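Colleague: Below is one structure. I have some questions about it.
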Amino acid sequence: MPVVLENLGKRFGDGAPVLDDVNATIGQGEFVALLGASGCGKSTLLNIMAGLEAPTSGALEVPSDGAAFMFQDAALFPWLTARENVELALKLRGVGKAERRVKANELLDLVHLGGAGDKRPHELSGGMRQRVALARSLAQDRQLLLMDEPFAALDAITRDLLHDELERIWKETGRTIVFVTHNVREAVRLGQRVLLLSSRPGRVVEEWDVSEEHRTDAGLAGHLTGIITARLREEIRRHAK
Numbered sequence: 017m018p019v020v021l022e023n024l025g026k027r028f029g030d031g032a033p034v035l036d037d038v039n040a041t042i043g044q045g046e047f048v049a050l051l052g053a054s055g056c057g058k059s060t061l062l063n064i065m066a067g068l069e070a071p072t073s074g075a076l077e078v079p080s081d082g083a084a085f086m087f088q089d090a091a092l093f094p095w096l097t098a099r100e101n102v103e104l105a106l107k108l109r110g111v112g113k114a115e116r117r118v119k120a121n122e123l124l125d126l127v128h129l130g131g132a133g134d135k136r137p138h139e140l141s142g143g144m145r146q147r148v149a150l151a152r153s154l155a156q157d158r159q160l161l162l163m164d165e166p167f168a169a170l171d172a173i174t175r176d177l178l179h180d181e182l183e184r185i186w187k188e189t190g191r192t193i194v195f196v197t198h199n200v201r202e203a204v205r206l207g208q209r210v211l212l213l214s215s216r217p218g219r220v221v222e223e224w225d226v227s228e229e230h231r232t233d234a235g236l237a238g239h240l241t242g243i244i245t246a247r248l249r250e251e252i253r254r255h256a257k
């Protein structure tokens with residue numbers, strides 16, 4: 017089932033609107049990157065798609081089973097092992113104990129952490145903790161995966177490695193992914209499409225299709241990154257006036 021946003025708006029109390037007239041359709045199995053200046057409503061839009069916030073106006077269609085959410089902070093329980101953190105998401109779904117362990121091990125294998133299941137979060141690097149968080153999100157078994165700057169706090173090399181991992185997992189699982197980022201290069205590396213939100217109130221003002229060649233060829237990726245960066249700067253300058 018696609019995700020459909022129709023004339024979506026959001027304001028808090030009597031304040032100025034955060035989102036206004038947001039329109040977008042995200043196909044099943046599509047990977048969409050969402051860009052915009054700080055404070056333009058990207059995270060609010062994800063919260064609405066996740067059912068954590070209600071829109072003030074407009075309509076929203078999401079898969080009937082809802083969405084899994086992955087945040088910038090891995091937010092793992094420090095007293096649980098990596099495997100137990102993943103198992104917790106399965107337990108909340110009502111999966112039995114024996115099956116939970118098997119499935120958690122499969123998911124840790126999927127994110128290339130099969131040998132780290134017994135380690136606690138403090139024994140893992142930042143990149144490894146984010147992989148556990150990704151496995152936990154996948155354990156929720158939702159078609160729609162929402163990711164709010166999940167790699168922003170990582171160093172460049174680790175982030176690049178996780179880009180490769182996420183792309184592989186997306187292709188293997190067929191999830192629909194909406195990925196919020198401030199990093200234009202990251203958006204071009206991962207997204208089949210890049211949507212740009214205007215400065216507040218946020219609305220989709222431009223989008224770019226990103227071919228496989230643009231995602232993998234450094235020259236093509238750099239050219240498209242430059243185009244999108246220039247457009248993003250226009251939005252930032254407009255908001256500053």
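In terms of the numbering used here, the sequence shown opens at residue 17 and continues consecutively. For glycine and all other residues, C-beta sits at the position ideal for the given N, C-alpha and C. Model, not experiment: these values are computed from the prediction.
1. Taking buried to mean at least 16 other C-beta atoms within 10 Å of its own C-beta, is Gly133 buried or exposed?
2. Could you give the residue range of the beta strand (DSSP E) that holds Ser73?
3. Might you give, ordered along the chain, the residues of its own chain that have their beta carbon closer than 6 angstroms to the beta carbon of Ser73, omitting 5 neighbours on each side?
4. Could you give the residue range of the alpha helix (DSSP H) that holds Asp37?
5. Would you please state the rounded distance, in angstroms, between the beta carbons of Thr11 and Glu22? I believe it to be under 8 angstroms.
6. Please determine, among Thr60, Asp37 and Val20, the residue with the shortest C-alpha to C-alpha distance to Glu165.
7. Would you tell me roughly how many angstroms separate the C-alpha atoms of Ile244 and Val196, rounded to the nearest one?
8. Less than 6 angstroms between C-beta atoms, sequence neighbours within five positions excluded: which residues of the same chain meet that for Pro94?
9. Rounded to whole angstroms, what is the Cα-Cα separation between Glu7 and Leu248?
10. Would you mind working out which of Asn121, Ala168, Asp176 and Leu177 sits nearest Leu154, comparing C-alpha positions?
11. With DSSP collapsed to three states, give me the class of Arg109.
12. Taking only heavy atoms of the ligand HEM into account, decide whether any of them is closer than 7 angstroms to the Cβ of Gln44.
13. Starting from Thr97, follow the beta strand (DSSP E) in both directions and report where the run begins and ends.
14. Could you tell me which whole alpha helix (DSSP H) segments of length 4 or greater appear in the region 110-139?
15. How many Å lie between Thr232 and Ser141 at the Cα?
16. Assign Val226 to one of three DSSP states: helix, strand, or coil.
17. Checking 8 angstroms against the spacing of the C-beta atoms, do Ala149 and Met65 come in under that value?
Modeller: Walking through what the data contain:
1. buried
2. Ser73 to Glu77
3. Gly25
4. Premise fails: Asp37 lies in the beta strand (DSSP E), Leu35 to Ile42, not in any alpha helix (DSSP H).
5. Coverage of the chain is limited to positions 17 through 257, which leaves residue 11 absent and any answer about it impossible.
6. Thr60
7. 15 angstroms
8. Pro137
9. The requested residue 7 does not occur in the structure, where the chain is confined to residues 17 to 257.
10. Asn121
11. coil
12. Among the components modelled here there is no ligand, and therefore nothing to report on the ligand HEM.
13. No beta strand (DSSP E) holds Thr97; DSSP gives it neither H nor E.
14. 113-126
15. 27 angstroms
16. coil
17. no
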